[in-house]
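S.K.: My structure is below; once you've seen it, I'll send some questions.
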Amino acid sequence: MFLFNWTLFFEIMVLVIFLLGLIVVGSVFVIRSLQASYKDLYKYQSKFDIELRKIVNLLSKGAGKSELEDYNSRNIKKLPFDDKKTLLSIIEEVKERIDDDDPDYEYIMRTYENLQENRRIRDKKAVQFNQRIYIFPFNVYAKILGYTPYDIYSKQ
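Using numbering that gives the first Met the number 0, read the sequence shown as starting at 0 and increasing by one per residue.
As structure tokens, then:
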């Protein structure tokens, strides 16, 4: 006759509940970490877009009027990555024609430097985020949350 061992059953149930609790707590920490990383990247993407808009506005009134005319009325934040990359190369060409030492262009040069600084920081955050979403267990939760890798503006 088979006797049921309640002590063993109770120990196994406690172990299962403990393991499930660890999985739930671990999942919460992983999701929070992913979300914090995404928000940080999004913040720097927004700062980059603001600086990009500022430099387009400044250059379209002077040295880059003909090249930047198309971008002056467009929403920079909603431009696709390839269009922003093209815009950055146009800005680079226009910047090369500007005299760096001319005091009239001092604000434009500072804005350009801010744009490049924000681009570097944003690219660094994008690389970190991309590395994170490829590592287990972050990759599982990244797929669930719909996170995809970000493109990078820097020359590689």
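Ideal placement from N, C-alpha and C gives every residue a C-beta, glycine not left out.
1) Where does Thr147 sit, in a helix, a strand or coil, going by DSSP?
2) Taking DSSP as the reference, what is the three-state secondary structure of Tyr152?
3) Counting C-beta neighbours from all protein chains within 10 Å, is the total for Tyr106 16 or more, i.e. buried, or is it exposed?
4) Just tell me which of Phe17, Leu58, Lys142 and Tyr149 has its CA closest to the CA of Val93.
5) Checking 8 Å against the spacing of the C-beta atoms, do Leu114 and Glu68 come in under that value?
6) How long is the line joining the alpha carbons of Ile75 and Asp98, rounded to whole angstroms?
7) Would you mind sorting Val55 into buried or exposed? The rule is 16 or more other CB atoms within 10 Å of its CB.
8) From Tyr133, Lys123, Val13 and Phe137, pick the residue whose C-alpha is nearest to that of Phe47; which is it?
9) Determine the direct distance from the alpha carbon of Ser26 to that of Ile16, and round the result to whole angstroms.
10) So, is Ile143 buried or exposed, given that buried needs 16 or more other C-beta atoms within 10 angstroms?
M.R.: Taking the geometry as given:
1) On the sequence shown, residue 147 is found 148 positions in, with the first residue counted as 1. Note: Thr147 maps to coil in three-state DSSP.
2) The sequence position of residue 152 within the sequence shown is 153, counting from 1. Note: Tyr152 maps to coil in three-state DSSP.
3) Here residue 106 refers to the residue found at position 107 of the sequence shown. Per the 10 Å Cβ criterion, exposed.
4) Here residue 93 corresponds to residue number 94 of the sequence shown, with the count starting at 1. The candidate whose alpha carbon is nearest that of Val93 is Leu58.
5) Position 115 of the sequence shown, counted from the first residue, corresponds to residue 114. Position 69 of the sequence shown, counted from the first residue, corresponds to residue 68. No, they are not a contact pair.
6) Translated into the one-based positions of the sequence shown, residue 75 becomes position 76. Translated into the one-based positions of the sequence shown, residue 98 becomes position 99. About 26 Å.
7) In the sequence shown, counting from the first residue as 1, residue 55 sits at position 56. Buried, since its Cβ has 16 or more Cβ neighbours within 10 Å.
8) Translated into the one-based positions of the sequence shown, residue 47 becomes position 48. Nearest of Tyr133, Lys123, Val13 and Phe137 to Phe47, Cα basis: Lys123.
9) Here residue 16 corresponds to residue number 17 of the sequence shown, with the count starting at 1. Here residue 26 corresponds to residue number 27 of the sequence shown, with the count starting at 1. Their Cα atoms are separated by approximately 15 Å.
10) Position 144 of the sequence shown, counted from the start, is the residue given in the question as residue 143. So Ile143 counts as exposed.
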